[in-house]
Amino acid sequence: MSDVLLSARALARHYPVRLPGGLLGRPATLKAVDGVDFDLARGEVLGLVGESGCGKSTTAKLVLGHVPPSSGEVRFDGAPVPTDRRADWRRLRRRMQMIYQDPLGALDRRLPIVAQIGEPFDIHCPDMPRPERRERAAALMASVGLRPDQAGSYPHELSGGQRQRVVIARALALDPELLVCDEPVSALDVSIQAQVLNLMSDLRDRTGFAALFISHDLKVVRQMADRVVVMYLGRIVEEGLPDQVFHAPLHPYTQALVSAAPTPHRRARNRIVLPGDPPNPVDVPSGCPFHPRCPAAVARCRSEVPSLVRDAGRAVACHLAQSAGGDLSPAPRALKAKVA
Amino acid sequence: MLLYTLSRLARALVTVVLIVTLAFIILRMTGDPSIIILGPDAPEQAYEAFRRNWGLDQPLIVQYFKYFGAIAEGDLGRSMRDGRPALDVVMDRVPMTLALTLPALVFNLILGLGAGVFAALNRNTWIDRAIMTVSVVGFTVPSFVMGLVLAMVFAVQLKWLPSGGSGSWAHAILPVISMGMIGAAVIARFTRSAMLEVLGQPYIRTASAKGLSWGAVVLRHALPNAAIPVLTIIGFMVGSLVAGAVVIESIFSWPGLGRLLVGAVANRDLAVVQTILILIGFTMVFANLMVDLAYGWVDPRLRIRTLSTAK
Amino acid sequence: MTITTPDPRQGSASVFTAKSRARAFFQKYPILILLSIFWIVLMLAVAGLGHLVAPRDFMAMNLSERLSEPVGMGGTWAYPLGTDELGRDVVSRLIASIRISLTIAFLATLVSATIGVALGFLAAFLRGRAEQTILMVIDAQAAMPFMIIALAVLAFLGNSLTLFTILLGFYGWERIARIARGLAIAAQDQGYAAAVRDLGASPSRIYGLHILPNIASTLLVSMTLNFPEVILLESGLSFLGLGVQPPETSLGAMVGYGRDYIQSAPWIMLAPAAVIVVTTLCVSLLGDWLRDLFDPTLR
Numbered sequence: 022m023s024d025v026l027l028s029a030r031a032l033a034r035h036y037p038v039r040l041p042g043g044l045l046g047r048p049a050t051l052k053a054v055d056g057v058d059f060d061l062a063r064g065e066v067l068g069l070v071g072e073s074g075c076g077k078s079t080t081a082k083l084v085l086g087h088v089p090p091s092s093g094e095v096r097f098d099g100a101p102v103p104t105d106r107r108a109d110w111r112r113l114r115r116r117m118q119m120i121y122q123d124p125l126g127a128l129d130r131r132l133p134i135v136a137q138i139g140e141p142f143d144i145h146c147p148d149m150p151r152p153e154r155r156e157r158a159a160a161l162m163a164s165v166g167l168r169p170d171q172a173g174s175y176p177h178e179l180s181g182g183q184r185q186r187v188v189i190a191r192a193l194a195l196d197p198e199l200l201v202c203d204e205p206v207s208a209l210d211v212s213i214q215a216q217v218l219n220l221m222s223d224l225r226d227r228t229g230f231a232a233l234f235i236s237h238d239l240k241v242v243r244q245m246a247d248r249v250v251v252m253y254l255g256r257i258v259e260e261g262l263p264d265q266v267f268h269a270p271l272h273p274y275t276q277a278l279v280s281a282a283p284t285p286h287r288r289a290r291n292r293i294v295l296p297g298d299p300p301n302p303v304d305v306p307s308g309c310p311f312h313p314r315c316p317a318a319v320a321r322c323r324s325e326v327p328s329l330v331r332d333a334g335r336a337v338a339c340h341l342a343q344s345a346g347g348d349l350s351p352a353p354r355a356l357k358a359k360v361a
Numbered sequence: 002m003l004l005y006t007l008s009r010l011a012r013a014l015v016t017v018v019l020i021v022t023l024a025f026i027i028l029r030m031t032g033d034p035s036i037i038i039l040g041p042d043a044p045e046q047a048y049e050a051f052r053r054n055w056g057l058d059q060p061l062i063v064q065y066f067k068y069f070g071a072i073a074e075g076d077l078g079r080s081m082r083d084g085r086p087a088l089d090v091v092m093d094r095v096p097m098t099l100a101l102t103l104p105a106l107v108f109n110l111i112l113g114l115g116a117g118v119f120a121a122l123n124r125n126t127w128i129d130r131a132i133m134t135v136s137v138v139g140f141t142v143p144s145f146v147m148g149l150v151l152a153m154v155f156a157v158q159l160k161w162l163p164s165g166g167s168g169s170w171a172h173a174i175l176p177v178i179s180m181g182m183i184g185a186a187v188i189a190r191f192t193r194s195a196m197l198e199v200l201g202q203p204y205i206r207t208a209s210a211k212g213l214s215w216g217a218v219v220l221r222h223a224l225p226n227a228a229i230p231v232l233t234i235i236g237f238m239v240g241s242l243v244a245g246a247v248v249i250e251s252i253f254s255w256p257g258l259g260r261l262l263v264g265a266v267a268n269r270d271l272a273v274v275q276t277i278l279i280l281i282g283f284t285m286v287f288a289n290l291m292v293d294l295a296y297g298w299v300d301p302r303l304r305i306r307t308l309s310t311a312k
Numbered sequence: 082m083t084i085t086t087p088d089p090r091q092g093s094a095s096v097f098t099a100k101s102r103a104r105a106f107f108q109k110y111p112i113l114i115l116l117s118i119f120w121i122v123l124m125l126a127v128a129g130l131g132h133l134v135a136p137r138d139f140m141a142m143n144l145s146e147r148l149s150e151p152v153g154m155g156g157t158w159a160y161p162l163g164t165d166e167l168g169r170d171v172v173s174r175l176i177a178s179i180r181i182s183l184t185i186a187f188l189a190t191l192v193s194a195t196i197g198v199a200l201g202f203l204a205a206f207l208r209g210r211a212e213q214t215i216l217m218v219i220d221a222q223a224a225m226p227f228m229i230i231a232l233a234v235l236a237f238l239g240n241s242l243t244l245f246t247i248l249l250g251f252y253g254w255e256r257i258a259r260i261a262r263g264l265a266i267a268a269q270d271q272g273y274a275a276a277v278r279d280l281g282a283s284p285s286r287i288y289g290l291h292i293l294p295n296i297a298s299t300l301l302v303s304m305t306l307n308f309p310e311v312i313l314l315e316s317g318l319s320f321l322g323l324g325v326q327p328p329e330t331s332l333g334a335m336v337g338y339g340r341d342y343i344q345s346a347p348w349i350m351l352a353p354a355a356v357i358v359v360t361t362l363c364v365s366l367l368g369d370w371l372r373d374l375f376d377p378t379l380r
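Structure (structure tokens):
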């Protein structure tokens, strides 16, 4: 049994699209994910950060085998993840589960919640006697902080936070090794967010699942993740421990991202406002994908794609942050960066 | 627009192929096509010639393509009643059916559009409710009941009009009205809801707010936009008129396609039935294609690709 | 109750009077809908139990009582709706016809829903080329007037009650297939079906235990709207003499045979015609009402 639970190598997912123009439209390629490498150890929580359209959710789909990769591969416990949704794929669901952004949409509004929490047993353990299934569903409800008298409730009768607890209980029913969480709290009120995040931390301490934790919210990722990956236009631009990434970001994009996050400590913040249009994954710029918006871009950035260079647990894909000796230092903040 | 036209044409072609395929499958399901096309009383040599000509000894897939070839040449077999080519028998009746369906379509549209627009403009008044109640009733009265009741009142009781036959234009009045009433009810309901949807749009409020008279708002802004969804229903109307013709022609002894079809089905004159099936299929596909293209022409959003400036 | 500013419309009536409760009831269940439900229940009772209360055998002839008038047109209570050209009791024939017509329409609607749901789910499950093929067949079916197809099939395959019922079962399947496909795709793209699939559920579990119960109310509404159209189709074909064959009888067949006596004995034709019109009207009204109640998004 290796220590690496999940690994992605040169993972890419391209979609053919047609742009308006011409007789039948101009064919083009949407590079949702374009060459991503990462490893996830057992019990580790990897945070995935980036703005919408950067390929976070597509990465989640690739990891779960929802869509086949265009190139590269995903390995789960050493074996490639099947993508055909047949028996192998279904069996693997015992070991990898997902938590969704919209808990109401993820629940069947016609079934009482206890039936939905117990459904994984119905699917994967047909031999388990009925009373035991009931007992285990009740235990799951208790473990996520739902009252026994709510067992017969329907999803629409619960609050948003309670619904997400139901989804979490259902995902954890079979003790999965990997949990993919796609923006699990962004649909909830801020006060509820903290409760759900605390619950997830507690459950993780108890059961020791590994997780791919996707969010656009830096502070949520910071609270949950052991390690953070920042994505931009389908590529990883920076990787490191949460404290490193958020206190001393190397990549100009991460610097902008961190500077935009509200913090209680700093009153006067140097907020970096990125110029230019939001990124379009159909029309990825040449060279460094970030160069049109980068406040520090130099000529080399327009022509040469920076590779992801790793050093001492950190990684960055930026020409300016990679000094000749392989030592990584923050990219210089350019003078033209606007200070707000 | 070109892409739109091409996709509609492709779809129409597929439908035609499916209809011909259906006819082929049904033909093959019933046994030896030579007997079916030529009838049971043809001489033995005719069967043999037929089998050789149509390649019935060849694989099914080859026969299938030959069947298409024969249809393309207009060779649809002979009527087993009088031995004439089925296509001629059918074509003889087409003008009589058109003489009923075209006036009925016009009657449909005038009555249905008028009632629908009128009901929408008088929304939630007794006028609206009366029109809609009548239309629900019209919608649920089958055409044969409508035809028989009209015949009973105007032909049997009042003796104003003939109850059957096709001697003069007076003979056509009752059939056209009974066909038109049913379709008008559907169009009225549809027009009303399309109009109400359009009248609720902000640009209608803008138009009347800028001081246009209500009549001008309705004529210039509401009607053209409401016409877009109503157009689609006209394709369906052609279908229900054809189905209605079958029943109505039988009631009023009108010698059109419908009565021919009913007679052919009763006598199992398969060549004639097959010809009518394919003819109506082509007509329907053509009608739907025209509606689709008209739709693209009326709806500027579909034209926007070819025109640089929007209206 | 009227201490504060009295409202002239309210008068002295409190919210709890029997009158306002009745009004609230009729607001929720319009009188027309109640009448429709009453008529439909009556028709179902006739279809289910009518043969027990029918005064006579619907095929029994009494040649001495041919074409006798119904009550109100000079007839006697022996034959409340009169007799037909062979002296058969119109009431008994009407009961037998309702039974046959409703049974055929009910079975045909079930067949149509089964075909529609199966193909709709299949299209949603397979996607890709198979889905396109199913959609093309749906379009082709929608483009052809069903009556013509029905006539062609009857001409080629001959007629029997079973075949006729199955044939009518092909009416309207394309609409149900469209609805089933659309709702299934919406559910499995994002939502409960996607989530259940992520649990590792098999397709049969996803479609049978989750999607089907969730879309059942919408399907029931569209089946309700399909039902009167099947009645009209059946009676139309039977009227032409190409549907239900004697000695069996149906509402359309009764009208068809009665039309020869439109001058001398209109009651033979009018009674079944009225039943057809009222029944289809009631089911349509109920269907529209249910649609607005359950699913305002359905057109």
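Residue numbers (my numbering), protein chains in the order written: chain Z, 22 to 361; chain B, 2 to 312; chain D, 82 to 380. We treat Cβ as the ideally placed atom computed from N, Cα and C, and that holds for glycine. Bear in mind the structure is a predicted one, so any value in this text is a computation, not a measurement.
Residue i versus residue j - alpha carbon distance
{"i": "Phe107 (chain D)", "j": "Leu113 (chain D)", "result": "10 Å"}
{"i": "Pro60 (chain B)", "j": "Ala24 (chain B)", "result": "18 Å"}
{"i": "Leu224 (chain Z)", "j": "Ala159 (chain Z)", "result": "16 Å"}
{"i": "Glu198 (chain B)", "j": "Ala227 (chain B)", "result": "8 Å"}
{"i": "Thr228 (chain Z)", "j": "Asp196 (chain Z)", "result": "7 Å"}
{"i": "Leu379 (chain D)", "j": "Leu371 (chain D)", "result": "Below a pLDDT of 50, predicted positions are generally treated as unreliable, and Leu379 (chain D), at 45, falls in that range; the measurement from the model is reported next regardless. Approximately 11 Å between the Cα atoms of the pair."}
{"i": "Ala361 (chain Z)", "j": "Ile293 (chain Z)", "result": "With a pLDDT of 36 at Ala361 (chain Z), under the threshold of 50, the predicted position of this residue should be treated as unreliable, though the coordinate-derived value follows. Computed Cα separation, rounded: 7 Å."}
C-beta contact flag for residue i and residue j at 7 Å
{"i": "Leu248 (chain D)", "j": "Val234 (chain D)", "result": "yes"}
{"i": "Glu198 (chain Z)", "j": "Arg116 (chain Z)", "result": "yes"}
{"i": "Ser173 (chain D)", "j": "Thr330 (chain D)", "result": "no"}
{"i": "Val311 (chain D)", "j": "Thr190 (chain D)", "result": "yes"}
{"i": "Met142 (chain D)", "j": "Arg169 (chain D)", "result": "yes"}
{"i": "Phe187 (chain D)", "j": "Tyr288 (chain D)", "result": "no"}
{"i": "Val54 (chain Z)", "j": "Gly76 (chain Z)", "result": "yes"}
{"i": "Met285 (chain B)", "j": "Met225 (chain D)", "result": "yes"}
Listed by chain order, chain Z residues near residue i by CB distance under 7 Å
{"i": "Ala282 (chain D)", "result": "Ile144"}
Residue(s) in a DSSP beta bridge with residue i
{"i": "Tyr253 (chain Z)", "result": "Z:Arg256"}
{"i": "Cys363 (chain D)", "result": "Paired residues: none, contrary to the question."}
{"i": "Arg96 (chain Z)", "result": "Z:Ser28, Z:Pro101"}
{"i": "Val330 (chain Z)", "result": "Z:Val337"}
{"i": "Lys52 (chain Z)", "result": "Z:His35"}
Contacts that residue i makes with chain D (C-beta to C-beta distance below 8 Å)
{"i": "Leu128 (chain Z)", "result": "Tyr273, Ala276"}
{"i": "Tyr121 (chain Z)", "result": "Ala276"}
{"i": "Pro141 (chain Z)", "result": "Leu280, Gly281"}
Continuous beta strand (DSSP E) stretch holding residue i: start and end
{"i": "Ile235 (chain Z)", "result": "231-236"}
{"i": "Met119 (chain Z)", "result": "117-120"}
{"i": "His35 (chain Z)", "result": "25-40"}
{"i": "Leu249 (chain D)", "result": "Segment 242-249 is the alpha helix (DSSP H) holding Leu249 (chain D); no beta strand (DSSP E) there."}
{"i": "Val66 (chain Z)", "result": "66-70"}
Beta-carbon neighbours of residue i, restricted to chain D and to distances below 7 Å
{"i": "Asn289 (chain B)", "result": "Ala224"}
{"i": "Arg12 (chain Z)", "result": "This structure cannot settle anything about residue 12 (chain Z), because the visible part of chain Z is limited to 22 through 361."}
{"i": "Ala244 (chain B)", "result": "Pro226, Met228, Ile229"}
{"i": "Thr6 (chain B)", "result": "Under the 7 Å cutoff, chain D gives no residues; its nearest Cβ is about 17 Å from Thr6 (chain B)."}
Contacts that residue i makes with chain B (C-beta to C-beta distance below 9 Å)
{"i": "Pro136 (chain D)", "result": "Those within 9 Å of Pro136 (chain D) in chain B number zero; the least Cβ separation is about 26 Å."}
{"i": "Ile185 (chain D)", "result": "In chain order: nothing, as chain B lies at least about 15 Å away."}
Chain B residues whose Cβ lies nearer than 7 Å to that of residue i
{"i": "Ala236 (chain D)", "result": "Ala265, Val266, Arg269, Leu271, Val274"}
Residue i: first and last residue of the uninterrupted alpha helix (DSSP H) it sits in
{"i": "Cys322 (chain Z)", "result": "320-324"}
{"i": "Val226 (chain Z)", "result": "Here the sequence assigns Asp to residue 226 (chain Z), which means Val is not the residue at that position. Here the alpha helix (DSSP H) through Asp226 (chain Z) covers 211-228."}
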